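Under the working numbering, the first residue of the sequence shown is numbered 13, with each subsequent residue one higher. Glycine is no exception: its CB is placed at the ideal position from the N, C-alpha and C atoms. Small disclaimer: the values here were computed from a predicted structure and weren't measured. Taking it in order: structure first as structure tokens, then the write-up.
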Amino acid sequence: ILAPVTVIGLGAMGSKLARTFVNNGHVTTVWNRTPEKAAELVGLGASGATEIADAIAASPILIICVLDYDAARHILEPMREKLSGKVVVNLTTGTPEEARTMGTWIRNHGAEYLDGGIMAVPSLIATPHAVILYSGSQTAYETYKQVLERLGTSHYLGSDPALAPLNDLALLSGMYGMFGGFIHAVALAGSEGTKAEDFTTTLLMPFLQAMISTMPEMAKQIDTGDYSAKDASLAMQAAHDTIGEVSRVQGVSAETFAPIFELMKRRVEEGYGGDDFASVIELIRKRPSS
Ligand code: NDP
């Protein structure tokens, strides 16, 4: 028997989540502050709750996906006496601290808490490209893993609810770093007329894919603290700011590249020129508290 599911919040994301459960045959109850947004889902077979209390009573698992944690808390606060025995899965985007506070509050009201970070846009939900990060109650995750996997590939990161939002932000930072490199590379090649599309598909993507394959080795260096250079030392890489200088000559701003180069130079100046690139992390990572 499929678990009944309640979805609270029917914005762009919440409606897609709810539709996915309906499509997979779950008895799905939906609630939204603006009730009109439930109409389409009800047409597909969802049950539209007028009162939030009815939506909460309808299912053992409550999936909440609203604008922010303030909105989530605003909805759940008056219902605190009704949460006992439920599993609350909060897929609203927020900070690690917000997730911890929400987790404590939910547990104090007798419910299990899972925080989630959705690494996908609504159109990717329920496709192989959707990834959702979870942290919080392991029991809740294991009990409802199959339900949660309807939405996309799930990764459970640990019992601290802060882990999902923290890793969500870390992944996005990785993405923006890559996008920053992408626009500078395209601008530089484009300064002599190369079309972005040709350059991207023929040259940049294969090159970046090759570079991505070096990441596990860099990650190992970071974990072990052994950064001894094998192929390309930092001193060699930071000897000249050729990329910055050529950018200026070509009339291209190097402002996405410059901060990385500054860190590489600083690391060399501090005596680590013989290290590999990964050693630059020592300039930015959290210091162990003494
Ligand atoms: P929308 O703006 O489409 O929907 C926002 C939802 O929040 C609506 O259901 C809205 O209700 C509700 N809401 C806002 N304020 C309140 C409030 N004070 N009380 C009750 N309900 C409230 O946003 P999305 O659906 O796109 O996003 C929802 C969450 O999912 C966000 O945290 C977002 O960061 C996250 N997310 C979204 C992604 C996306 O691509 N869309 C990707 C990954 C995460 P009403 O209809 O009444 O206004």
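Query - Nearest-angstrom Cα separation, counted from Leu103 out to Ile76 - result: Going from the Cα of Ile76 to the Cα of Leu103 covers about 6 Å.
Query raised in the report: Would the C-beta of Lys207 count as close to the ligand NDP, meaning under 6 Å from any of its heavy atoms?
Result: No, Cβ of Lys207 sits at least 6 Å from all heavy atoms of the ligand NDP.
Report task. Helix, strand or coil for His167, going by three-state DSSP, please let me know. Result -> Strand at His167.
Query raised in the report: Pick from Gln150, Met131, Ser149: whose alpha carbon is nearest that of Val143?
Result: The option with the nearest alpha carbon to Val143 is Met131.
Query raised in the report: In chain order, what residues of the same chain have a beta carbon less than 7 Å from the beta carbon of Asp8, not counting five sequence neighbours either side?
Result: Absent from the structure is residue 8, since the part of the chain shown begins at 13 and ends at 302.
**Report entry** Start and end residues, beta strand (DSSP E) containing Tyr146
**Finding:** First-last of the beta strand (DSSP E) with Tyr146: 143-148.
Query raised in the report: Tell me which same chain residues have a C-beta within less than 7 Å of the C-beta of Ala270, skipping the five on either side of it?
Result: Apart from the 5 residues on each side of it in sequence, Ala270 sits with its Cβ closer than 7 Å to the Cβ of Gly256 in its chain, given in chain order.
Query raised in the report: Expressed to the nearest angstrom, what Euclidean distance is found between the alpha-carbon atoms of Gly122 and Asp238?
Result: Their backbone Cα atoms lie some 46 Å apart in a straight line.
Report task. Could you please give the first and the last residue of the uninterrupted alpha helix (DSSP H) stretch that includes Met187? Result -> Element bounds for Met187: 175-202.
**Report entry** Heavy atom of the ligand NDP within 6 Å of Ala67 beta-carbon
**Finding:** Remark: the C-beta of Ala67 is outside contact range of the ligand NDP, defined as less than 6 Å to any heavy atom.
Query - Reduced DSSP secondary structure (H/G/I, E/B, other) of Ile76 - result: Ile76 falls in the strand class under three-state DSSP.
Query - Nearest neighbour of Asp127, chosen from Arg278, Met276, Leu74, Ile87 [CA to CA] - result: Taking only the C-alpha atoms, the option nearest Asp127 is Leu74.
Query raised in the report: For the ligand NDP, any of its heavy atoms closer than 6 Å to the Cβ of Gly26?
Result: Residue side-chain check: Gly26 places its Cβ nearer than 6 Å to a non-hydrogen atom of the ligand NDP.
Report task. Using only the heavy atoms of the ligand NDP, determine whether one of them is closer than 6 Å to the beta carbon of Thr18. Result -> It does not: the Cβ of Thr18 is nowhere closer than 6 Å to a heavy atom of the ligand NDP.
Requested in this report: Might you give, ordered along the chain, the residues of its own chain that have their beta carbon closer than 7 Å to the beta carbon of Ile195, omitting 5 neighbours on each side?
Outcome: The residues are Thr268.
Query raised in the report: How would you label Ser225, buried or exposed, when you count the other beta carbons within 10 angstroms and need 16 or more for buried?
Result: Around the beta carbon of Ser225, fewer than 16 other beta carbons lie within 10 angstroms, which makes this residue exposed.
Query raised in the report: Nearest to Val101 by alpha carbon, out of Glu124, Ala201, Pro47?
Result: Comparing alpha-carbon positions, the option among Glu124, Ala201, Pro47 lying closest to Val101 turns out to be Glu124.
Query raised in the report: Whose CA, out of Arg85, Lys157, Ala24, Ala201, lies closest to the CA of Leu136?
Result: It is Ala24.
Requested in this report: Quick one: grab the DSSP three-state call for Asp82.
Outcome: Helix.
Report task. Pick helix, strand or coil for Phe212, following the three-state DSSP scheme. Result -> Rather than Phe, the amino acid found at residue 212 in this sequence is Thr. Here DSSP, grouped into helix, strand and coil, assigns Thr212 to helix.
Report task. In angstroms with no decimal places, state the Cα-to-Cα distance between Ser185 and Phe191. Result -> Approximately 10 Å between the Cα atoms of the pair.
Query - Start and end residues, beta strand (DSSP E) containing Ile130 - result: Going by DSSP, Ile130 is part of the beta strand (DSSP E) stretching over 124-131.
Query raised in the report: Distance, Cα to Cα, Val17 vs Ala70?
Result: Between the alpha carbons of Val17 and Ala70 lies a distance of about 8 Å.
Query raised in the report: At which residues does the beta strand (DSSP E) containing Ile20 begin and terminate?
Result: Ile20 -> beta strand (DSSP E) spans 17-20.
Report task. Keeping to the same chain, check which residues put their C-beta closer than 7 Å to that of Pro134; ignore five residues upstream and five downstream. Result -> Non-local beta-carbon contacts of Pro134 in its own chain, meaning distances under 7 Å to residues more than five positions away in sequence, involve Ala24, Met25, Lys28 in chain order.
Query raised in the report: Is it true that the CB of Leu79 sits closer than 7 Å to the CB of Asn44?
Result: Not in contact: Asn44 and Leu79 (Cβ atoms no closer than 7 Å).
Report task. Could you tell me how far apart the beta carbons of Gln262 and Ser203 are, in whole angstroms, since I believe they sit closer than 8 Å? Result -> Contact between Gln262 and Ser203 holds, with the beta-carbon distance rounding to 4 Å and staying under 8 Å.
Query raised in the report: What are the partner residues of Trp43, as DSSP defines its beta bridges?
Result: In DSSP, Trp43 forms a bridge with Ile20.
**Report entry** Environment of Val99 [buried if 16+ CB atoms lie within 10 Å]
**Finding:** Val99 is buried by the Cβ-count criterion.
**Report entry** Thr105 versus Ala199: straight-line alpha-carbon distance, rounded
**Finding:** One alpha carbon belongs to Thr105, the other to Ala199, and they sit about 33 Å apart.
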